[in-house]
Amino acid sequence: MSFEDVYARGYRRIVLLDQEHTESASQKDDYYKESYLALDRDEMPRRVLVTAHHSIFRPRTADVTDCGPVSYEEYNRLAVTENILDSPRWSQKQADARDLLARQKALLKEVTPICPSCNRPLVLRQNRKQKNWFFGCDRYPDCDYTVSIFHNTLRRLQQAGLIT
Ligand SMILES: [Zn+2]
Numbered sequence: 335m336s337f338e339d340v341y342a343r344g345y346r347r348i349v350l351l352d353q354e355h356t357e358s359a360s361q362k363d364d365y366y367k368e369s370y371l372a373l374d375r376d377e378m379p380r381r382v383l384v385t386a387h388h389s390i391f392r393p394r395t396a397d398v399t400d401c402g403p404v405s406y407e408e409y410n411r412l413a414v415t416e417n418i419l420d421s422p423r424w425s426q427k428q429a430d431a432r433d434l435l436a437r438q439k440a441l442l443k444e445v446t447p448i449c450p451s452c453n454r455p456l457v458l459r460q461n462r463k464q465k466n467w468f469f470g471c472d473r474y475p476d477c478d479y480t481v482s483i484f485h486n487t488l489r490r491l492q493q494a495g496l497i498t
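Here the numbering used here is used: the first residue of the sequence shown is 335, the next is one more, and so on.
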């Protein structure tokens, strides 16, 4: 609601902490009180309070009050729990996840055999009883071609988090 007001004051990477909305009895006035964590122009995390008033009688007003600095740890912790996409820690998590996915894809492409009957890449499967991993045709049960996985490859797949 008042996100734009915080941005307009030059703050970035905003975490919404708390939101309070009061409506007048006539329902013609709305009061908002919102608490944010944000980075200021110098990249310092600060707590910011926005009070806004919406009325059908008067133009919208918003006050942005800087309530002082907070620690980077607190800012990052809340940014992560609130899924704020552009917090530094969250960005790092996303980058790590992208890297992992790219590594997994590359590894799979490298080690996955092609089904000799169907000419398609096999897929990773796990034996239900013995729990061992193997490659099988994705056209199963129409095609029951399987191939076991060598120990080295198995270890690489485990390290990449593709199998348990
Ligand atoms: Zn096949």
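For every residue, glycine included, the Cβ atom is placed at its ideal position computed from N, Cα and C. Being a predicted model, the structure only gives us computed values, none of them experimental.
**Prompt:** In chain order, what residues of the same chain have a beta carbon less than 8 Å from the beta carbon of G344, not counting five sequence neighbours either side?
**Reply:** D374, R375
**Prompt:** Excluding five sequence neighbours on each side, which residues of the same chain lie with their C-beta closer than 6 Å to the C-beta of Q460?
**Reply:** W467
**Message:** If I measure Cβ to Cβ from R437 and keep anything under 7 Å in the same chain, skipping five residues before and after, which residues do I get?
**Reply:** A494
**Candidates N486, L458, R490, of which the one nearest Y479 by Cα** = L458
**Prompt:** Rounded C-beta distance between K362 and F391? I'm assuming under 8 Å.
**Reply:** 7 Å
**Asked** Could you give the residue range of the beta strand (DSSP E) that holds Y366?
**Response** 363 to 373
**Request:** Quick one: grab the DSSP three-state call for E357.
**Result:** strand
**Prompt:** Does the beta carbon of R459 fall short of 7 Å from some heavy atom of ligand 1?
**Reply:** no
**Request:** Indicate the three-state DSSP secondary structure (helix, strand or coil) for D339 in the structure shown.
**Result:** helix
**Item:** Residues near H387 by beta carbon distance below 6 Å, same chain, minus five either side
**Value:** Y365, T395
**Request:** For D352, count neighbouring C-beta atoms within 10 Å of its own C-beta (all shown protein chains included) and say buried if the count is 16 or more, exposed if not.
**Result:** exposed
**Nonlocal neighbours in the same chain, by C-beta distance under 8 Å from C471, ignoring five residues either side** = C449, S451, C452, R454, L456, V457, C477, D478, Y479, T480
**Whole-Å CB distance - L412 paired with T399, under 8 Å assumed** = 19 Å between Cβ atoms; not a contact.
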